[in-house]
Structures are given as structure tokens and as C-alpha cells.
Amino acid sequence: MDWPCPRGLASASPAAGLSRPWLSGSPFSRRLRQASTGYARPRVPVPRIPLCHLTVSISVRRILIWLMLLCLPLAARAEAFFINQFDVDLDLQKNGELRVTENIQVVFTAPRHGIFRTLPVEMPTPSGFKRLVLVDDIQVSDTTGNKSGMKVDKEGSNLKIRIGDPDAYAPVGPVVTYTIRYRVTGMLNRFDPSGGWGRNVELYWNALGTEWPVGIQKSQVTVRWPEGAQPKEVRAVTFWGNYGSRTQFQQIGAGTTVEPTTGIKMELTPTTLRITNPQPLLPYQGLSFALSMPSTLIDMPSLWQEFRLKYAHLMGFLVPLGMAVVFFVIWFIWGRDSVHKRGEPQAEVPHELTGALAGALADGRFDEHDLSAVFVSLAKKGRLVLNPGGLGEMLTLTSNSSTQGLDDLEAYVLNLLLPHGPSISKTDLTEYVAPHLWQIKAKAFGELVKRGYYRSNPQSVQLAWGIIGLVLLVIVSMVVWSLAPYFSRDVVLLGFLLGLGGLYLFARAMPRLTRRGSRAYAEVQAFAEFLDDAGLHRAKLKGRPMDQTLYEDYLDHAVAFRRVKRWGHAFSALDLVRPGWITGRGSAHDLNNLGNELGALLPSWARRPAPHPRAAAGAGGAPGLVAVGGSAAAALAAAAGGAGRGRRAGVHVPGFDDVAQGVRHEERLDPIPVLVEDPSVHGGVVHYGHQVRSCR
């Protein structure tokens, strides 16, 4: 008969094309045994093992296998070494420092790179606070013959020292001795007279540590301290076992005591304590002691020691704080400008400064807006025509290439453009102007030095003081690094990074203005306030009309001070047009749109290469492309034939390529500004608006 199968467990079915396994109690297996033995056993009904029970057995077996696999990582983590002998030598010095030397004899039973030594550095106190113990000057060595590597990490309240060679294994079998030396500060306790004992100082120390995952076969601790104590003025207590164990025995006065159950021997003299443990310690068991002696033997901690004990975790911030003081003193002596009170808004440019120079003087740096102001100033003086809203050319050189009447900055920028004209695209600016930004800045500040606003070029001053400040920062960081404990050196690195930020601000503040420069700086700020709201401060013009000439005269200053829109808004009620040396796609009376175009004149090419290739002068067929010729007829011909030349030059012309691909298009009449040379006009250029056909 078949045993019932629990609900939910599937059994084999002949109808499903499956056969039962050969079970030991099946009739088929019994017949095989009868045939092999030669005799027949009595026919006794044997109950069959249900297949569902077999499934349960297989499931249990699988669970056991999985449990074994889960235990494999734990087995792999089993420590493949033990400590044969652990000797600790402690030298308590008169200044309160403890010099520790540990000799750990280790026997490896499997390949390992080395060992870990865990030292507690934060001790809990009855008041609930943690007491800090400083461990530094760590040195390690071993007898493996490999290089003795060391890495120190802070894990919780412990200092973890990794000892060994990460590239080689320690020998398996022979004894390997690891020697660890370090210095400890802050482990002493001082007590007032009580119980017949005078003022005394106590050293409490966990000699072996309770973090060893292996047993320690034998151990010995030796402590030495300065002479001067009487035999009856010293006492000691020894603890052993797991963390928190109170198993102990003591020795009051000089003498020798042996603990009867473990055989631990304690020998105490007026200058030495020796604890010998002949019995093995189990994993995570250790040996600690408390030693008391007259307080006159150990000096009181110095102010520096107390500072380190209280603020060791904050020592890294000494770097930025100390450097901030140093930087401030240096700036106050050598970098502070003469103070001149800024007066009321004024409507005159101080000392006839161009927009670029005024912008550089206002904030002490030469940025992309100041360079945009250089282009505007060159256009005002008839050397350029600006087309900031065009698809290709941004600048067009005129026939006037003379540097007469230009300052050194403007002349230098113009000479950079002349070999690549007459049409200057974004690509040209990226390739031929952007690489010279440092020289352009040098020319700008050189012009300010020539005018007596600075004693030296601010770029050179910033570089020099930046190097000096960096050297000072590195020296201070290295000193603090050497004095800080191991667990707070990450804070020192953070302090160094903060110091770099302060160094940047310090170097920028060091260029010093002369008295003349300080007065000019105050006047430039007053002029910038006028540009903010010229309509409100119109009375400062002293009768000068707000007309087209005034708008153009101060336009480069508005660009440098990022006030183009505000400057144009002041003239919104007047019927002004965009200057003749600026072309655009919008209305000539739309000064707000002009502000948007000029504001984007430089940043669009200074930060990334232009996506459009350079086109020849007049190439295109789209609005905004400029043609320069010897006559109006030649200019019109160039504009009319521009699309064909652009096509042959491999430049995409809106409308033309669409026609070639069979795209539906329409003809429109678009005004294209054409530039024609005319010596009788200021700058040698005059604009004519023409209606020409272009495909769209």
C-alpha cells in the first residue's frame, strides 16, 4: 500500500511518464537480492517509503549543505596564527610620557601578511565622558626578512595598527618576532592624599590588550619609573581576563606576590614592577595593571601637553586658523590699500579710462566682460564692426588698422586680429585670441601700472605671494602633522585644503593700489553707480544731453560693468538706434536686444570652440553676414553672390542646402546690412540697408 502524501508535495506518477526510484524496501530490490544470494526469504510485507518523505529528506539535506556553505567564510576567517610569547617593556619618564616597547612572538600556521595590534585611545570615565590617550611616534619591525609595512587607522575608540608586508607572506612554522615601539601621553591619574597615602600618581595600563582573537601562551610586563620612592610608597594591582573582568590581586609596598590559582607573579620594587604570567590566556583575554607612586616623581603636565590632550582632535584646524592670522598680518602690512571714501555718483569717466581698464580696476581682475569691452572700444574707434548676433562672423575689421590713439591693451588685441581678418568668426577668436588671454591680462594691468594705479603688475604680485603663501602653508601643515596624533591627521589634511582656499583669497588681495589708484578706484565705483540708474542721476551730467553720443561713449563701460541693459533702459524713452559700428538681426531701435547680444559676445567662444566653420567675408546668404568691399556695388554683388560661394566653400547656407535636398522653401526679402568703405565717414565704414533675395 502507498503512504498518503502531504498536501502540496508532488509524487511521481506512471501516467506522467516517470518511474519510482529503486528503494531498498521495494519488491524489485528484494528479488534482486534473492537471485544473488541463492535462497528465498519469507515473504514479509515491507511498507514502502513514501516519495514525499524522500523529498523532505532531500530538502533537509540541502538546508544542511547551505548552512555548511554559509559557515565557510567564518572558517576562512579563523586566525592562522597564535602568540607564543608577549613581552611588554614600559618606561615612565619624569615628564609624564610613557615609552612602550612590545615584543610579540608569533607562529603562523597558514600564509598571512602580518598581524593587527589594537590600542585603546579613548577611555570611559565615571562621569560619562571619554578620556583621550595620545599614541604617537609609532615604529614597527619584524624578523620575517620582509619590509616592515605599517598602516594606522582609527576604528571607534581604538587605534588599529596593521603590521606586515602587503606584498609578501610571513613564513609559516618558525617564530616571527614583531617589535612595536610607541609613545603614550595622558594615561596618568593624580590623586590627593587619602587613606594614609600622600599625593600620588597612578599609571593604569592595559598591557596586552583584549582584542586578540587568538590565545597568548606566555606574557611578561616590565615597568620602570624614576627613582626617589620609598619601598612603602609604591603599590600595584594586577587584573586579568576578558574586558571588564575584576579578577585581581595586589601588592602593597615593595615585595613579591604570586596568585595561587594562575601562578601570575608580581614583583614590585621602588623603581620597577614586573608581572610574569606563565599560564595561557584565551582569545580576547588580556592583562592590565594599576601602579601608584609618589606624585613628586612625575612632573605636572606642561601647557602644551594639556593642550594636546584636550584639543588633539581639533589640531588640524590650527592650519587654516594659523594661516589666516599670518595672511592677515602680511596683507595688513604689504597689501592693504589706502582707504578713500566713495563719493556720490558721478557721470564722468575717471582719468579717461576705457571700459576694459575701468572694469579691471574695479574688481582687480580682467575677465571676459572686460575683453568684450575692448572689442566695443575698438569698434567705437573705427577699427572693428561688431556682429554679435550673426551666424558666422562676430567681428569685421575695417580698413583703418592704425594703432594711433589706442592704448597698449587695445593695440595688442587689434594686432592679434589683423592677420586673420577682415572677417573674424568665433573659431578665429578661439584659435587666435583665447590662447593669449594671459598676455592680454598682462597688457591691461601693465597699462594700469603705467598710469600709476599700481606699483607692480598685479598678476606678478599675485603669483609671487601665492608661491610664498603656499610655502608657508606647507611648512605649517607639516609641523602640525608631526605634532598631531595619528587619529587626527585626517583633520590636518582637511585644514590644509581649507588653507588653500584662504591662500587663493590672500593672493588676490595682495596687489596694492597706490594713493592715486585708490582715488581712481573710488571714482570708478561712483561712475558704476551712475551707470546703474542714469535716469535717476541725470543731474550729474551737468547739462550734457542724454543722446546717441552719450550712449555710445559709455557703452564699453556698461559692457565691462555688466550693465548694458540698465544703460540701454535709461535711453528707452528716446528715439535712439543701435550704433553704426554694430550690426544685428533685430530692430535698430531695440536697445534691450542689443544688450543681450553684447552680453553674450565673449562667453560663447571663450568657454568652448564655435561649432560653425569659418566662412569667407560676405559668404552666407542669411541675415547678419557682412560683406566689405571697395564700393556699394561691389558690396551688393558680394552679398548677392554669397550663397554660391558659401556652397562651394563647403559652408552650410540656410535655404540653399534645403533646396538641393528638395525641401519645400519660399523666397523672402530680408534686409542684409552691407558695409562699404567711405573715407568721409568716421571709421571709414557706412551702412546701407538693401533688400536682397535669400532662400529660407
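With the sequence shown counted from 1, adding 146 to any position gets you this note's numbering. Quick reminder that beta carbons are idealized off the backbone N, C-alpha and C, glycines included. Source: prediction; values computed, not measured.
Asked	Found
Selected residue, minimal CA-CA separation from residue 415, among 518, 397, 409 and 405	397
Segments assigned beta strand (DSSP E), at least 3 residues, entirely inside the region 347-375	362-370
Cα-Cα separation, residue 439 to residue 608	59 angstroms
Straight-line Cα distance separating residue 475 from residue 622	16 angstroms
Residue 699 classed as buried or exposed, judged by whether at least 16 other C-beta atoms fall within 10 angstroms	exposed
C-alpha distance - residue 591 paired with residue 507, whole-angstrom precision	9 angstroms
Host alpha helix (DSSP H) of residue 514 (start-end)	514-526
Buried or exposed by the 16-neighbour rule on C-beta atoms within 10 Å, applied to residue 288	buried
Strand pairing of residue 233, partner residues [DSSP]	249 and 366
Boundaries of the beta strand (DSSP E) in which residue 671 is found, first to last residue	Careful: residue 671 lies outside any beta strand (DSSP E), inside the alpha helix (DSSP H) at 661-678.
Continuous alpha helix (DSSP H) assignments of at least 4 residues falling wholly in the region 560-647	583-596 and 604-629
Nearest-angstrom beta carbon gap, residue 441 and residue 336 [assumed within contact, 8 angstroms]	6 angstroms
Nearest to residue 407 (by Cα), restricted to the options 426, 452, 638 and 315	426
Start and end residues, beta strand (DSSP E) containing residue 296	296-301
Residues of its chain near residue 468, where Cβ-Cβ distance is below 6 angstroms and the 5 sequence neighbours each way are ignored	622
Same chain, Cβ closer than 7 angstroms to residue 616, five either side skipped, listed in chain order	649
Exposure of residue 282, with buried meaning 16 or more beta-carbon neighbours within 10 Å	buried
Residue from 227, 373, 334 and 493 whose Cα sits closest to the Cα of residue 323	227
Which of helix, strand or coil DSSP assigns to residue 688	coil
Residues near residue 473 in its chain [Cβ-Cβ closer than 7 angstroms; skip 5 each side]	615, 648 and 652
Secondary structure of residue 654, DSSP reduced to three states	helix
Beta-carbon proximity list for residue 605, same chain, < 7 angstroms, skipping 5 on both sides	587, 588 and 591
Whole-angstrom C-beta distance between residue 638 and residue 626, which should lie under 8 angstroms	5 angstroms
Rounded C-alpha distance that separates residue 688 from residue 494	10 angstroms
Proximity of residue 682 and residue 713 at Cβ, strictly below 7 angstroms	no
Residue 542, buried or exposed, once every other Cβ within 10 Å from all chains shown has been counted against 16	buried
Status (buried if at least 16 other CB within 10 Å, exposed otherwise) for residue 697	buried
For residue 286, the three-state DSSP class (helix, strand or coil)	strand
Span separating the alpha-carbon of residue 532 from that of residue 465	51 angstroms
First and last residue of the uninterrupted beta strand (DSSP E) at residue 413	411-414
Beta carbon of residue 461 nearer than 7 angstroms to that of residue 628	no
Distance, residue 679 Cα to residue 509 Cα	20 angstroms
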